[in-house]
Amino acid sequence: MLRIIFQRQKCIGCGSCVEVAPDRWQMNKLDGKSILIDAKGKKGFYTIELTNDEYEQNKEVESSCPMHIIRVEKC
108 MLRIIFQRQK CIGCGSCVEV APDRWQMNKL DGKSILIDAK GKKGFYTIEL
158 TNDEYEQNKE VESSCPMHII RVEKC
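Residue numbers 108 to 182, in my numbering, belong to the letters of the sequence shown in order.
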């Protein structure tokens with residue numbers, strides 16, 4: 108299993124996450140920030156647990172984020 112933690116409030120809307128993993132990330136048309144698809148939000152942090160087959164792609168998302176607000180960890 109893996110966990111993605113996304114601090115959406117600090118997102119600048121560059122779209123690098125969507126470019127790398129469009130099946131897991133999308134851009135919000137209202138505020139221009141990224142959305143972690145199917146994640147649950149609490150106090151500005153959005154979290155989702157996934158199977159390990161999405162690990163490599165989302166580690167690339169983590170490293171491509173210029174704000175360093177995406178964390179991918181094995182759990």
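Beta carbons are placed, not taken as given, at the ideal position from N, Cα and C, and that holds for glycine.
Quiz prompt | Residues near Ser171 by beta carbon distance below 6 angstroms, same chain, minus five either side | solution = Working through the sequence shown from its first residue, we reach residue 171 at position 64. Result list for Ser171: Ser123, Val127, in chain order.
Quiz item: Per DSSP, what kind of secondary structure is Arg131 in: helix, strand or coil?
Solution: Against the sequence shown, residue 131 aligns to sequence position 24. Correct three-state label for Arg131: coil.
Practice problem: Confirm, please, whether the CB-CB distance from Cys121 to Glu156 is below 8 angstroms. | Solution: In the sequence shown, the residue the question calls residue 156 occupies position 49. In the sequence shown, the residue the question calls residue 121 occupies position 14. Result no, Cβ atoms of Glu156 and Cys121 do not sit closer than 8 angstroms.
Quiz item: DSSP beta-bridge partners for Thr154?
Solution: Position 47 of the sequence shown, counted from the first residue, corresponds to residue 154. Note: Thr154 sits in a beta bridge opposite Ile112, Lys147.
Quiz prompt | Assigned exposure category for Asn135 - 16 Cβ within 10 Å defines buried | solution = Looking up residue 135 in the sequence shown gives position 28. Answer is exposed; the Cβ neighbour count stays below 16.
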